[in-house]
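Here the structure comes first, spelled out in structure tokens, and everything after it is commentary.
Residue numbers (this note's numbering): 9 to 329.
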């Protein structure tokens, strides 16, 4: 009886041992406590390609990403809507189309789209170079340029541990997310970006990786087949082909807008009361006025027309809601 009881105890899963319901994700600081290991150990397993690191992106981080969508089955009911009524589509992922009369969407039970990330449409018409949001490149395949990636995004690139959030992260990494079900496949990848606060407090690990580490702890070794598969996936050069944009004007507009948003976010954090209305909501008009009033505190902006600035800020504020 004792031997049987001990065996059962040893093989309890991570959540039974921790005494809490499963977490979809947590920081690596929390993970070290759940696994009863050092944070250095988690960094080691990341370096050995056993696990992945993630960051959590808010809409106002404005992480732009190109997306590729491929429907595996005949999906005329959704592809026609994506092409014919893009103005009614709020997200690049998941696919939700709302009109005044009804709502058309791919049910979560069919798509499995209970995901930890989403992709908002490009913010303005100018960013899309007057093209359709969803550009069809095959019978059932689409691309979307410069979606706004939000939620839990995988870090792709070499990472180095930093002990304080103010220390700079890697000069260039990409953030990406993938989703695959019987109906369609979705892949999203940002351009190369600089993460300025990649420290232990804002690096996340997923439930699947937590349980993978716990199983290795219980068994005394990593599963050989899973380790090989994860290694092959980790060293794969491209999970999503880069979607090249040859239109230099569109690239320049995107860079100018990115500089505006970075400065706007900086001033929003420094002068929050000047950017908010009576109910403490972000007021695009006051936000614009704050930028104009404190323009000497930020790098020179290529976008100087106050009406254009206001239009970008309105799109950002509405997108967050």
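Just so it is clear, CB atoms sit at the ideal spot from N, CA and C, and this is done for glycine as well.
DSSP state of residue i, grouped into three classes?
{"i": "residue 324", "result": "helix"}
{"i": "residue 312", "result": "coil"}
{"i": "residue 12", "result": "For residue 12, the predicted model reports a pLDDT of 42, less than 50, meaning its position is unreliable and no value from the coordinates is stated."}
{"i": "residue 283", "result": "helix"}
{"i": "residue 265", "result": "helix"}
{"i": "residue 128", "result": "strand"}
{"i": "residue 65", "result": "strand"}
{"i": "residue 82", "result": "coil"}
{"i": "residue 123", "result": "coil"}
{"i": "residue 59", "result": "coil"}
{"i": "residue 317", "result": "helix"}
{"i": "residue 93", "result": "coil"}
{"i": "residue 273", "result": "helix"}
{"i": "residue 246", "result": "Any reading at residue 246 must be qualified, since the residue scores a pLDDT of 43, below 50, and its modelled position is unreliable; no value is offered."}
For residue i, report the span of its alpha helix (DSSP H) as first-last.
{"i": "residue 298", "result": "292 to 301"}
{"i": "residue 39", "result": "36 to 43"}
{"i": "residue 79", "result": "Per DSSP, residue 79 belongs to no alpha helix (DSSP H); it is in the beta strand (DSSP E), 71 to 79."}
{"i": "residue 48", "result": "47 to 55"}
From what residue to what residue does the beta strand (DSSP E) around residue i run?
{"i": "residue 226", "result": "Counting along the chain, residue 226 falls outside any beta strand (DSSP E), though it belongs to the alpha helix (DSSP H) covering 215 to 227."}
{"i": "residue 8", "result": "Missing from the structure shown is residue 8; the chain here goes from 9 to 329 and no further."}
{"i": "residue 31", "result": "It is not in any beta strand (DSSP E) - residue 31 carries neither H nor E in the DSSP assignment."}
{"i": "residue 156", "result": "149 to 164"}
{"i": "residue 145", "result": "143 to 146"}
{"i": "residue 187", "result": "182 to 188"}
{"i": "residue 103", "result": "Note, residue 103: premise wrong, no beta strand (DSSP E); not H, not E."}
Under 7 Å Cβ to Cβ from residue i, same chain only, skipping five residues before and after it: list those, please.
{"i": "residue 292", "result": "318, 321, 322 and 325"}
{"i": "residue 282", "result": "294 and 298"}
{"i": "residue 129", "result": "97, 98, 99, 100, 141 and 155"}
{"i": "residue 235", "result": "58"}
Compute the distance between the beta-carbons of residue i and residue j, then report whether it is under 9 Å.
{"i": "residue 72", "j": "residue 154", "result": "yes"}
{"i": "residue 87", "j": "residue 148", "result": "yes"}
{"i": "residue 75", "j": "residue 101", "result": "yes"}
{"i": "residue 51", "j": "residue 36", "result": "yes"}
{"i": "residue 77", "j": "residue 142", "result": "yes"}
{"i": "residue 162", "j": "residue 239", "result": "no"}
{"i": "residue 220", "j": "residue 160", "result": "no"}
{"i": "residue 266", "j": "residue 70", "result": "yes"}
{"i": "residue 42", "j": "residue 218", "result": "yes"}
Using only the alpha-carbon positions, how far apart do residue i and residue j sit?
{"i": "residue 29", "j": "residue 96", "result": "38 Å"}
{"i": "residue 124", "j": "residue 201", "result": "21 Å"}
{"i": "residue 193", "j": "residue 80", "result": "7 Å"}
{"i": "residue 191", "j": "residue 297", "result": "47 Å"}
{"i": "residue 156", "j": "residue 31", "result": "25 Å"}
{"i": "residue 310", "j": "residue 127", "result": "27 Å"}
{"i": "residue 276", "j": "residue 289", "result": "12 Å"}
{"i": "residue 196", "j": "residue 187", "result": "9 Å"}
{"i": "residue 272", "j": "residue 152", "result": "25 Å"}
{"i": "residue 313", "j": "residue 27", "result": "57 Å"}
{"i": "residue 233", "j": "residue 183", "result": "26 Å"}
{"i": "residue 150", "j": "residue 144", "result": "4 Å"}
{"i": "residue 303", "j": "residue 268", "result": "11 Å"}
{"i": "residue 231", "j": "residue 225", "result": "11 Å"}
{"i": "residue 229", "j": "residue 25", "result": "19 Å"}
{"i": "residue 94", "j": "residue 53", "result": "43 Å"}
{"i": "residue 315", "j": "residue 189", "result": "43 Å"}
{"i": "residue 20", "j": "residue 164", "result": "32 Å"}
{"i": "residue 284", "j": "residue 181", "result": "33 Å"}
{"i": "residue 92", "j": "residue 227", "result": "54 Å"}
{"i": "residue 279", "j": "residue 301", "result": "11 Å"}
{"i": "residue 33", "j": "residue 185", "result": "15 Å"}
By Cβ distance, which residues of its chain are closer than 6 Å to residue i, with the 5 residues on each side in sequence left out?
{"i": "residue 49", "result": "none"}
{"i": "residue 158", "result": "65, 67 and 126"}
{"i": "residue 222", "result": "22"}
{"i": "residue 90", "result": "142"}
Can you list, in chain order, the residues of its chain with a C-beta nearer than 8 Å to that of residue i? Leave out the 5 residues immediately preceding and following it.
{"i": "residue 46", "result": "40"}
{"i": "residue 250", "result": "Note that residue 250 has pLDDT 45, beneath the 50 cutoff, so the model's placement of it is unreliable and no number is given."}
{"i": "residue 287", "result": "none"}
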